[in-house]
Structure formats: structure tokens, C-alpha cells
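Written below as C-alpha cells is the structure these notes are about.
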Amino acid sequence: MSPLTSQTKRQRKSTVCPQKTPNPRWQPWSMASLDHPGSPGWTGPISQCTPRTRQEVLPSGPDLPCPGPEEHLEAQDSPSSNSSMTTRELQEHWQREKSGWRHVKLLFEIASARIEERRVSKFVMYQVVVIQTGSFDSDKAVVERRYSDFERLQKALLKRFGPELEDVAFPRKRLTGNLSAETICERRLELRDYLRLLYAVRAVRRSREFIDFLTRPELREAFSCLRAGQYARALDVLGGVLPLQEKLTAHCPSATVPVLCAMLVCLRDLERPAEAFAVGERALQRLRARESHRYYAPLLDAMVRLAYALGKDFASLQGRLDDSQLRRPTHRGFTLKELTVREYLS
Numbered sequence: 001m002s003p004l005t006s007q008t009k010r011q012r013k014s015t016v017c018p019q020k021t022p023n024p025r026w027q028p029w030s031m032a033s034l035d036h037p038g039s040p041g042w043t044g045p046i047s048q049c050t051p052r053t054r055q056e057v058l059p060s061g062p063d064l065p066c067p068g069p070e071e072h073l074e075a076q077d078s079p080s081s082n083s084s085m086t087t088r089e090l091q092e093h094w095q096r097e098k099s100g101w102r103h104v105k106l107l108f109e110i111a112s113a114r115i116e117e118r119r120v121s122k123f124v125m126y127q128v129v130v131i132q133t134g135s136f137d138s139d140k141a142v143v144e145r146r147y148s149d150f151e152r153l154q155k156a157l158l159k160r161f162g163p164e165l166e167d168v169a170f171p172r173k174r175l176t177g178n179l180s181a182e183t184i185c186e187r188r189l190e191l192r193d194y195l196r197l198l199y200a201v202r203a204v205r206r207s208r209e210f211i212d213f214l215t216r217p218e219l220r221e222a223f224s225c226l227r228a229g230q231y232a233r234a235l236d237v238l239g240g241v242l243p244l245q246e247k248l249t250a251h252c253p254s255a256t257v258p259v260l261c262a263m264l265v266c267l268r269d270l271e272r273p274a275e276a277f278a279v280g281e282r283a284l285q286r287l288r289a290r291e292s293h294r295y296y297a298p299l300l301d302a303m304v305r306l307a308y309a310l311g312k313d314f315a316s317l318q319g320r321l322d323d324s325q326l327r328r329p330t331h332r333g334f335t336l337k338e339l340t341v342r343e344y345l346s
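Per the numbering used here, the sequence shown starts with residue 1, numbered consecutively.
Next up, the structure:
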């Protein structure tokens, strides 16, 4: 064996492979995981780190109802920048928000149909039943719509979503025989399938057009009765439409605040303060950490007065109201009733 060969072998034995130096920037949570935002399999909401002011409004999109005269959805259900919540309260708030990410599944049925006769026309009213699946639903919602209502919904959705509705078949219009038993039965099934297909499209089921189709006629009637001082009738209609609105807007709990506040006003003016206070507590829960919401201060003011009348502890409510007014002073705020009577004017 040559001296060169022996020397080369000794060098190879003495050579130690260098170990890789760990990257100081690497962190365990940087790996793709279903449990972390930004990962390929992440299905929860993605929060942006860019700070927002209290009065900034999120842009309308397929996941959020479009802001309108009924609801100004400022900073969708996130704590305001001036929230007075403690760290523990914030943690509890986000835990509740995380539990609310689960999609609420609804089932649509056209339970029945009836022929309504007017002075110059006859048409069919279809009874739409909406049930939450997965558990017993004691608050099934029932509304009535005619074919022309479905037709207007289809036109509005096509205008906004277009290509996303390629696979959604809309029942064709018929020139004759619309009142025959056979046509009505066939159309019931077609309209049921149509609603189910629409609901399967995430962007559609969260759209203002879809939600308004199922709730707006009843809400317009209820707020019209409220403005006319017909509190009992308004309360009856609001109580019927609220469960449906809660099901449809589970992704945005604050959307039901105007309805709950209207119910509070009705109950208070019907001299049922205990029930009014209970409804107000439900509304405040939906405005947790939403001090910039336009209903927050008027609702707190109404709750302070109700608590005082009922002999309840109103000091904490008054403290929250004072803190809110210090952080967001206004020259003249609307009362809760002045705010609610302005809803659904058109």
C-alpha cells in the first residue's frame, strides 16, 4: 500500500461531518398545520394584523351582509381598539368566537302551498320552512313567498354572483296552468331544491340578497307596526322572524341587535320591563367588545333605566355607559327608540 493511500484513509477517518446549525428563525408553529392560520388546511377565519379605527367599516363581500340602513356592521364582531376588557375577558371572548366558527347547517322545505285570490289576480303562496339540522330545533322558522319573490331573488343573485350559480337550476316560468295541482306540487319540489342549492354556495348563503329574501318582508312589517305604536303586533312578528335571522346570520351575531332592541322597546312600552331587560341582556351579549357599534350606548342607556326601575344593580351598566361616552363623546345621541324607528324605512 502506498504512503499516499494510507494518508488519505487516515484523513477520511478523522473527518467528522459537520452538523447543521439550527435556523434561529425556525419555530415549531411555522409548519403547515390544520390548527394554525395561514396553513394549507386552515379552515378558520384569517385575521389581518393591520389595526383599524373604531369607526372603520369592513368591506362588503360574500361572507358578510352588505352594510345598509338597518345594520352598520362596523368591524365585524371584533373587540374595539378602546375596549376596556381585561386579558381574561378577551381570552374568553375569542374562545366564544372560535366556537362560533362551526357552520350552522340549515334544511329548507316547501311544506305546503295555497292559492291566494286578490281583486284582479290569483297566485300561489309557498310555505318555506327552515330547520337547523344536527339537533332538535324547537324554533323552526316559517315564511311564505310567491313565485315572483323567488324570481326577483334569482335575478339579484345572478347579477352579483353570475358564474357561481351555473349549476343552480331555477324553476322555469309557465304561461298557463300555474294554479293546477300538478304544477303546484312539481314547483314545490323545484323551489325546495333551488333553495338547498343556493344555501350550498357559501358566498350566496351569507349574502344580503339571500338573507333579505327570507327575512326582510317580515322585518319591514314589524318595524312599520313599531312606528305606528302597534307594539303587540310588532312584537309578535319580531318574535317569529328572530329565530330565522339568528340561523342565517350565525357568522355575524351583531346583525340581530336591531331586532332585539326593537323587541326591548315594544316590551318596555307594553309595561313588561322584566322581559324587556332580559331581551336587552341578549343584545348586549352580541355587542360584547363592540363599543363602537351605533346601538351600544343607546342600549346601555335603556338598560340602566330598566335596571333602576326593576331594583337591579344598575351601577355597573352606568359605569360602562360613562366609559363609552368618555371614549367616544357625542353632542347628541339618539335614544334607543329613536334609533329603532329608523330601521327598514324602505
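Note that CB positions come from ideal geometry on N, CA and C, so glycine has one too.
task: Assign R146 to one of three DSSP states: helix, strand, or coil.
output: DSSP, reduced to helix, strand and coil, places R146 within a strand of the structure shown.
- prompt: Among all the DSSP beta bridges, which residues are the ones paired with E109?
  reply: Residue pairing for E109: DSSP places it in a beta bridge opposite V129.
query: Run through DSSP, which three-state label would R227 get?
result: Three-state result, R227: helix.
task: Please report the Cβ distance between A302 and G280, rounded to the nearest whole angstrom; I am assuming they are in contact, meaning their Cβ atoms lie under 8 Å.
output: For A302 against G280, the beta-carbon gap comes to about 6 Å, under 8 Å, which counts as contact.
query: Cα separation between A250 and S112?
result: Using only the alpha carbons, I get a separation of about 27 Å.
message: Taking DSSP's pairing of strands, which residues face R114 in a bridge?
response: Among the bridge pairs identified by DSSP, R114 is matched with M125.
message: Let me check understanding here. Comparing Cα to Cα, which of Y295, L235, R233 lies closest to V257?
response: Taking only the C-alpha atoms, the option nearest V257 is Y295.
field: Ordered list of alpha helix (DSSP H) runs contained in the segment 153 to 230, each at least 4 residues
entry: Whole alpha helix (DSSP H) segments, 4+ residues: 181 to 200, 202 to 205, 208 to 227.
- prompt: What residue range is occupied by the uninterrupted alpha helix (DSSP H) comprising V304?
  reply: V304 -> alpha helix (DSSP H) spans 296 to 310.
message: For the segment 159 to 173 against the segment 230 to 249, do three or more pairs of beta-carbon atoms, one drawn from each stretch, fall closer than 8 Å, so that the two count as touching?
response: With a cut-off of 8 Å, the segment 230 to 249 and the segment 159 to 173 do not count as touching, because too few Cβ pairs lie within range.
task: Determine the contact status of I110 and Q127, defining contact as a CB-CB distance below 8 Å.
output: By the CB criterion at 8 Å, I110 and Q127 fall inside the cutoff.
- prompt: Out of curiosity, what's the CA-to-CA distance linking L153 and R196?
  reply: Straight-line measurement puts the Cα of R196 at about 14 Å from the Cα of L153.
Beta carbon proximity, H293 to chain C, threshold 8 Å: As a matter of chain content, chain C is missing from the structure shown, which is built from one protein chain.
query: Beta carbon of F108, beta carbon of Y199: below 8 Å?
result: Yes; because the gap between Cβ atoms is below 8 Å, this pair is in contact.
task: Please determine, among Q230, N178, K247, the residue with the shortest C-alpha to C-alpha distance to I211.
output: The shortest Cα separation from I211 among Q230, N178, K247 belongs to K247.
query: Do A232 and C261 come within 8 Å of each other at the CB atom, strictly closer than that value?
result: The answer is no: Cβ separation not under 8 Å.
Whole-Å CB distance - L306 paired with R268, under 8 Å assumed: About 7 Å; that satisfies the 8 Å criterion.
message: Relative to the C-alpha of R348, which candidate in S180, E186, K159, A181 has its C-alpha closest?
response: The question about residue 348 has no answer here: the residues shown for the chain are numbered 1 through 346.
field: Per DSSP, cross-strand counterpart(s) of A283
entry: Residue pairing by DSSP places A283 opposite no residue, since no beta bridge is assigned to it.
field: Spatial distance of A354 from L270 (CA atoms)
entry: The shown model of the chain, from 1 to 346, leaves out residue 354, and the question about it has no answer.
- prompt: Looking at C-alpha atoms only, which residue of S148, A141, L226, R327 is the closest neighbour of K337?
  reply: K337 has its Cα closest to that of L226, out of S148, A141, L226, R327.
query: Distance, Cα to Cα, G134 vs E144?
result: The straight-line gap from Cα to Cα measures roughly 24 Å.
field: Rounded Cβ spacing between E218 and V241 (contact assumed at less than 8 Å)
entry: E218 to V241, Cβ: 4 Å. Contact.
- prompt: Any idea what DSSP makes of L336, helix, strand or coil?
  reply: In the three-state reduction of the DSSP assignment, L336 falls in the helix class.
- prompt: If we ignore side chains and look at the alpha-carbon of each, how far apart do D323 and G333 end up?
  reply: D323 and G333: Cα-Cα distance of roughly 15 Å.
Inter-residue Cα distance where the pair is S180 and Y147: Computed Cα separation, rounded: 14 Å.
DSSP beta-bridge partners of A141: Residue pairing for A141: DSSP places it in a beta bridge opposite V130.
- request: Report, in whole angstroms, the separation of the C-beta atoms of L300 and L326, which I expect to be a contact under 8 Å.
  value: Going by Cβ atoms, the distance from L300 to L326 rounds to 13 Å, so no, they are not a contact pair.
- prompt: Around the C-beta of R174, are 16 or more other C-beta atoms found within 10 angstroms, so that it is buried, or is it exposed?
  reply: So R174 counts as exposed.
message: Less than 8 Å between the C-beta atoms of A141 and P243, yes or no?
response: Yes, these two residues count as a Cβ contact at 8 Å.
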